[in-house]
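**Q** Chains as they are written, first to last, in my numbering: chain X, 8 to 183; chain U, 35 to 818.
Beta carbons are placed, not taken as given, at the ideal position from N, Cα and C, and that holds for glycine.
Dumping the structure here so I can ask a few things about it.
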Amino acid sequence: MRATTLNVNGDDLDVAAPAHWTLLEVLRYRLGLTGSKQGCDKGDCGACTVLMDGKPVLACLVLAARAGGARIQTIEGLRPAHHAAGGNGADPVQDAFDRCGALQCGFCQPGMMLSARALLNDNPSAGLPEIQEALSGNLCRCTGYTQILQAVQTALAETTGGEAPVPCWANQKDDD
Amino acid sequence: MAARDLHGPEAPWGEDFEIIGKPRRKVDGLSKATGEAVYTDDIVLPGMLHAKTLRSPHAHANIRSIDTSKAEALPGVHAVITGKDLPIPYGVIPWTPDEHALALDKVRFIGDEVAAVAAIDEDTANAALDLIEVEYEVLHAFLDPREALERPAPQIHESQKENNVSKHVALEFGSVDAGFAEADLVLEGDFSFHGSTHGAIEPHCSVARYSADGLLTVWSSTQITHYVHRALSRVLELEPNHIRVVQPCLGGAFGGKSDPFSLEFCVAKLSMITGRPVKMLWTREEVFYAHRGRHPMQMTYRTGATKDGRITAVDAKILIDGGSYSSFGLVTTYYSGQLLTGPYDFPNYRFDSTRVFTNKPPCGPKRGHGSVQPRFAFEVQLDEVATQLGIDPIELRRKNFIQGGDETVNGQRITSYGFGECLEVVERASGWKERYGKLERGRGLGVAGSMYISGTNYPVYPNEMPQAGIQLKVDRSGLVLAFTGGNDIGQGSNSVVAYLVAEELGLTLDQVRVVAADTDLCPVDLGAYSSRVTFMVGNATIDACRKLRPLIVDAVASEWEIDPKRVRLIGGKVIDLEDPERVMESRDAFQLAEAKYDTLGSTGAYNTPTLGGDYRGGTIGASPAYSFTAHVVEAQVDEETGRISVPKVWCAHDCGRALNPTSVAGQIEGSCYMGIAEALMESHHVNRFGLHSGPSLLDYRMPTTLDTPDIEAYIVESIDPEGPYGAKEAGEGPLHSSIPALANAIYDAVGVRLHELPFTPAKVLAALREQRAEQAAAEERRQA
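Okay, here's the thing in structure tokens:
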């Protein structure tokens, strides 16, 4: 057993866990923050992505004992952070994912949305290639990524005042 | 009987929809976006134990003995079970119960379950597995389906009559020989489809609690709660009314969570033994062993056509590699032939399909169950017919359309048919007329079409009860609760129920909540498979609403002393169509109705009409409605490396009516992605020892954002006369034609026909070498 103090979503939390436990295990099974998902447990799928000091990391590849001292943000922290910054409802990334249909089974999406959130923070003018690159560590099996990419483009457009993409099926009636 | 009532595609108030047909959020979207949604592994119960499974290291072996004493003695271990604790066999298809929760006397693939341990934590359970001593007698392992078919011993399942044959189906419709006799061209070719797996990002997980009062509750990542319920009752010998099965939020399935699985029985039994809740979460590696993925098929097709491009006959012979257990294999074997008879008119058709057991992870239903492989072979052969006859591949397909209101050669009823429009849409969107056959070498376009079922009238176990049932509770607070046994596996079926209830009862979406997939709370529904949910659960929902609606309308009409025809329920309000001043909140209308008719609620049900040809197996694949798809795929072939990339996919899908176009587009895009993925990158491969070649997502090569083509999804609405508001399926059909369209695009790009999936660089290079050799030989002949 090893005692660590983790800063998660703004709170300093003392946890005791086996020394070999990963950050993902501590988040899920000690702190009850089950929004971070385990899809492979070996760094392949990205479902466990969290932000450490603003950078996306795979929580299943970070030993919990090595995460002390870093600011960790999980999916559960996005909405409260948005509220603390004066916003309402969900974070714009969460809202865009919901609106654009990016959430089918939803299992990969907490990680996906945190990768997107990090991109939005770092590079609000990102184009499609940068978005694809930023999300390439997060596997999704439901969507074929199309609506995810549209959601991130939409969230970016809303942040910067640009134009959100219109999917081809939404234009279809006008074409005919 | 209400269950057989068909309500037609129109709303009682006409074509004017408030909710339906517009892009919508899903009812559970925000809970998934914020991490609030509870999936099975998110459940933690007080005192819960953790279980792990010991798996076979041999592909085929008899179990001589198992000694669990050392494992039981390990501190922290609470129970160890083996096959003798769960001796009753089961199988999702009642006629083929050939699985055991834990191997009884024999293991049949590397990864087959042998024993399970419940302990205070996973580490202790894993340590205990190492202490279980199993003595095996290793048997010859069958890894090649051809050998399994021909060599009689040692049989993988001793109960089988003929070698390792799992199922054989041979059917002929019309006269194939006569059809070939009238053909001007007959093509024959061999095709091979490899295995692929579902790869849902959530691994399988189950939690069980056996309470002191004898109630067993199992939370499980299943897409068919009802079949798990039945299987648990059988294997555990518990009354079904003492079992509750709940499907929490589900992290993807694609057919991979349709069977009852070992872990569901194990956690239940371990909880019964220990008196404590027990959880088992499979690792990703274990999910690969559990498999139930796409069957590898070796196919020989013959197609005959007249010189003006009419198909005269199709003849197929198919060898299906089933892996080690039956799973849905009986259905797979039928589907491999039965679902090919559209979207084209076959006057004569024959297929002969044999599924054999091999010592590999069991195959089962993956998105487009049993029909994706034949579709690949046939649509490529059809393209070859077009080439040989000098007819444009889209024109050739047009010449063979099923005429409206027709029945297919094998007796399938076509009620709505948007395939022509699908082809037109992709032809236009891809610039086919200007670009096909005219792009620079290395780049090409290919087309293909397909059809798929919207559920089937084969209810897995024979019974006369509804296939879909739903219950509504109308509350004086203004809330309607819908209880459905349907499984939302991410496709959005709970949202479909909510949209339909809101539309029918004139509510806003926040006035409807859906409770689903809990066998205690919800009426029986046969679950999420065969693309049945929108069609069947949707119809059951409308059925339930149509019983409530008149009560609410009537109560308001009485209150206002007007003709009920003037009362319209819409957008959370009730209005008088002739007096815009007169408006009431739905809540007040509910209260009037409750006062007049007592506590409000209703049930609704759906059963398919009598369908299918009058022959053995004629109901398997007989669907109340068929969806149609057309694809054009653009391929880029690098002739130096053999690498194929797909810059663009155009897909048009006839879903009857798009209840929520956002969700339909998502299903189309996800299907296209999955088809291209298995054609180019993925392979569920077992090596010569029977060991999976790479049971991880990285080795399996699941595509990322960087590997996935740009997909344009188009929606075609043929308004089916029997679908809910005209809707049909969208979740599986759009996968089928993506793969042959890609193969046909490769031909347009470089002039080689690839008959063997996946299209790896090595195969492309070999085909190009062969092409060069043939060209050189032809040149030599010409000069000679």
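Taking the beta carbon of W684(U) as the centre, do at least 16 other beta carbons fall within 10 Å, making it buried, or is it exposed?
**A** Classification for W684(U): buried.
**Q** Return helix, strand or coil for W594(U), following the three-state DSSP convention.
**A** Of the three classes helix, strand and coil, the one that applies to W594(U) here is helix, per DSSP.
**Q** Using the C-alpha atoms, what's the distance from R401(U) back to A764(U)?
**A** Roughly 11 angstroms between the two C-alpha positions.
**Q** List the residues of chain X whose Cβ lies closer than 7 angstroms to the Cβ of K66(U), in chain order.
**A** The contacting residues are L110, G113, Q116.
**Q** Going by other Cβ atoms of all chains shown within 10 Å of its Cβ, with 16 needed for buried, is E537(U) buried or exposed?
**A** When all chains shown are included, E537(U) counts as buried.
**Q** Is DSSP giving A713(U) helix, strand or coil here?
**A** If DSSP states are grouped into helix, strand and coil, A713(U) belongs with the helices.
**Q** Give the straight-line distance between the Cα atoms of L539(U) and G635(U), rounded to the nearest whole angstrom.
**A** Rounded to the nearest angstrom, the two C-alpha atoms are 13 angstroms apart.
**Q** For W684(U), which beta-bridge partners are listed by DSSP?
**A** DSSP, once it has assigned bridges, lists V666(U), E746(U) as partnering W684(U).
**Q** Tell me, to the nearest whole angstrom, how far the beta carbon of G290(U) is from that of G327(U); I am working on the premise that it is less than 8 angstroms.
**A** Contact holds; Cβ gap of about 7 angstroms.
**Q** Output, in chain order, the set of chain U residues within a Cβ distance shorter than 9 angstroms of I2(X).
**A** The structure shown does not extend to residue 2(X), since chain X spans only 8 to 183, so no value can be given for it.
**Q** When you compare only the Cα positions, how much space is there between P93(U) and A54(X)?
**A** The sequence given here places Ala at residue 93(U); Pro does not occur at that position. About 32 angstroms.
**Q** Within the same chain, show all residues whose beta-carbon is closer than 6 angstroms to that of D552(U), passing over the 5 residues directly before and after it, in chain order.
**A** Within the same chain, D552(U) has close Cβ partners V280.
**Q** Answer yes if the stretch 103–111 of chain X comes into contact with the stretch 71–89 of chain X, meaning at least three C-beta pairs across the two stretches below 8 angstroms, and no otherwise.
**A** Touching, no, given that fewer than three Cβ pairs across the two stretches are closer than 8 angstroms.
**Q** Could you say which of G605(U), Q505(U), I166(U) lies nearest to F51(U) if we only look at CA atoms?
**A** Here the closest residue by C-alpha is G605(U).
**Q** For L205(U), write down the residues that DSSP places opposite it in a beta bridge.
**A** Per DSSP, F385(U).
**Q** Since L20(X) is in the beta strand (DSSP E), which residue starts that stretch and which ends it?
**A** That run of the beta strand (DSSP E) goes 18–24.
**Q** Compile a chain-ordered list of the residues in the stretch 162–175 of chain X whose CB is closer than 7 angstroms to at least one CB of chain U.
**A** From the stretch 162–175 of chain X, only P174, C175 have a Cβ closer than 7 angstroms to chain U.
**Q** DSSP three-state label for D181(X), please.
**A** Unreliable placement is indicated for D181(X), whose pLDDT of 49 sits below 50; the coordinate value is still reported in the next sentence. DSSP places D181(X) in helix when its eight states are reduced to three.
**Q** With a CB to CB cut of under 7 angstroms and the five nearest residues on each side skipped, what residues in its chain are close to Q501(U)?
**A** Hits under 7 angstroms: P493, L560, M570, Y640, N641, T642.
**Q** How many angstroms separate the CA atom of R803(U) from the CA atom of S255(U)?
**A** Rounded to whole angstroms, R803(U) to S255(U) spans 48 angstroms at the Cα level.
**Q** Just how far apart, CA to CA, sit C706(U) and R566(U)?
**A** Between C706(U) and R566(U), the C-alpha separation is close to 20 angstroms.
**Q** Select from the stretch 139–160 of chain X all residues with a C-beta closer than 9 angstroms to any C-beta belonging to chain U, and list them in chain order.
**A** So the list reads Q139, E140, A141, L142, S143, G144, N145, L146, C147, R148, C149, T150, G151, Y152, T153, Q154, I155, L156, given in the order they occur along the chain.
**Q** Please name the residues in the stretch 67–96 of chain U whose beta-carbon is closer than 8 angstroms to at least one beta-carbon of chain X, in chain order.
**A** Answer set for the stretch 67–96 of chain U: A67, T68, G69, E70, A71, V72, Y73, D75, D76, V78.
**Q** Near A36(U), what residues of its chain come up, given a Cβ to Cβ distance below 7 angstroms and the 5 sequence neighbours on each side ignored?
**A** For A36(U), the predicted model reports a pLDDT of 41, less than 50, meaning its position is unreliable; a value from the coordinates is still stated below. For A36(U), where only same-chain residues beyond five positions count, the Cβ hits under 7 angstroms are D577, A639.
**Q** When you compare the CB of D51(X) with every CB in chain U, is at least one pair closer than 8 angstroms?
**A** Yes, contact with chain U.
**Q** Taking just the CA atoms, how far does S657(U) sit from Q422(U)?
**A** Distance between the alpha carbons of Q422(U) and S657(U): 34 angstroms.
**Q** Can you give the Cα-Cα distance for V269(U) and Y470(U), rounded to whole angstroms?
**A** The alpha-carbon atoms of V269(U) and Y470(U) are separated by roughly 57 angstroms.
**Q** Examine the Cβ distances between the stretch 720–736 of chain U and the stretch 380–395 of chain U and report whether three or more of them are shorter than 8 angstroms.
**A** They touch, by the three-pair rule.
**Q** For L611(U), collect the residues of the same chain with a Cβ closer than 7 angstroms to its Cβ; drop the 5 residues on either side in sequence, then sort them by chain order.
**A** Here the set comprises R600, R602.
**Q** Less than 8 angstroms between CB atoms is the rule here; does M618(U) satisfy it with respect to chain X?
**A** No, no contact with chain X.
**Q** Out of curiosity, what's the CA-to-CA distance linking T738(U) and D157(U)?
**A** Straight-line Cα distance between these residues: approximately 32 angstroms.
**Q** Are the C-beta atoms of C397(U) and some chain X residue less than 8 angstroms apart?
**A** For C397(U), the answer is no, since every Cβ of chain X falls outside 8 angstroms of its Cβ.
**Q** Take M184(X) and list the residues in its own chain whose beta-carbon comes closer than 8 angstroms to its own, dropping the five residues that flank it on each side.
**A** Nothing about residue 184(X) can be read from this structure; chain X reaches only from 8 to 183.
**Q** According to the neighbour-count rule (16 or more other Cβ atoms, all chains shown, within 10 Å of its Cβ), is W129(U) buried or exposed?
**A** Exposed.
**Q** Within this structure, are the beta carbons of A71(X) and T29(X) separated by less than 8 angstroms?
**A** Yes, the Cβ-Cβ distance between A71(X) and T29(X) is below 8 angstroms.
**Q** Does the Cβ-Cβ distance between P377(U) and G483(U) come in under 8 angstroms?
**A** Taking 8 angstroms as the Cβ cut-off, P377(U) and G483(U) qualify as a contacting pair.
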